[in-house]
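For reference, the structure discussed in these notes is given below.
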Amino acid sequence: MTTDDRPIDPPDDAAETAVDAEHDDLVAYLDGELSTEDTARIDRRLTEEPRLRQRLATLQQSWDLLEALPRSSVAESFTRSTLEMVALSAQHELAQARPTGRRSRRGGWLLIGSLAVAASFAGFLAVRYRLDQSNRKLIDDLPVIERVDLYRNVGDIEFLVRLSEEGLFDAPTADGE
Numbered sequence: 180m181t182t183d184d185r186p187i188d189p190p191d192d193a194a195e196t197a198v199d200a201e202h203d204d205l206v207a208y209l210d211g212e213l214s215t216e217d218t219a220r221i222d223r224r225l226t227e228e229p230r231l232r233q234r235l236a237t238l239q240q241s242w243d244l245l246e247a248l249p250r251s252s253v254a255e256s257f258t259r260s261t262l263e264m265v266a267l268s269a270q271h272e273l274a275q276a277r278p279t280g281r282r283s284r285r286g287g288w289l290l291i292g293s294l295a296v297a298a299s300f301a302g303f304l305a306v307r308y309r310l311d312q313s314n315r316k317l318i319d320d321l322p323v324i325e326r327v328d329l330y331r332n333v334g335d336i337e338f339l340v341r342l343s344e345e346g347l348f349d350a351p352t353a354d355g356e
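Its first residue numbered 180, the sequence shown is counted upward by one per residue in the working numbering.
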């Protein structure tokens, strides 16, 4: 809470991103790194927005103060030793991150085995589904297939349709079906 007992709103991520992008544009503007279109856009905004002019002036003062600081020279040995320390640190981190020995091999084999089992199971399901599709068609046509010999003796389809309409095929047969 502030002194006047109003809650402080949390920062808005979109607003922060816009401010960061604006800051980056102003820094690039001061460094002369913007394209001509972007430079013209910043110039136009600077003429229209006093807040942006103030931010640019503040950044320019910071640049001027940095330029006023004395330059220090660094010995080549310092640079070399710093780079060697960074290289050793990176090498150490890489060695710790890389799994070694039996554990890494076991994990690799477990992964390969798991993938093989999953692929086999998926293949089994796919083949079973395909076989079931063709078997379903046969099961649907089973009543016709069972009586195909009887149907061959019939001269035309209309005769069968009339028999079906009279309910002849609904009656149980001699074999109990």
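Every residue gets a Cβ at the ideal spot worked out from N, C-alpha and C, and that includes glycine.
*Continuous alpha helix (DSSP H) stretch holding Ser241: start and end*: Per DSSP, Ser241 belongs to the alpha helix (DSSP H) from Pro229 to Ala247.
*Given 8 Å as the limit, is there contact between the stretch 256-274 and the stretch 231-248, that is, 3 or more CB pairs closer than that?*
no
*Going by the CB atoms, is the gap between Leu213 and Gln239 shorter than 8 Å?*
no
*State the DSSP-derived secondary structure class of Ser214, mapped to helix, strand or coil.*
coil
*Would you report the Cα separation of Asp328 and Leu304, rounded to the nearest angstrom?*
Each residue's CA atom was taken as its position, placing Asp328 and Leu304 some 36 Å apart.
*May I have a chain-ordered list of the alpha helix (DSSP H) segments no shorter than 4 residues that lie completely inside the stretch 294-318?*
none
*Which word fits Leu205, buried or exposed, when buried means at least 16 other C-beta atoms lie within 10 angstroms of its C-beta?*
Note on Leu205: 16 or more other CB atoms within 10 angstroms of its CB, so buried under the neighbour-count rule.
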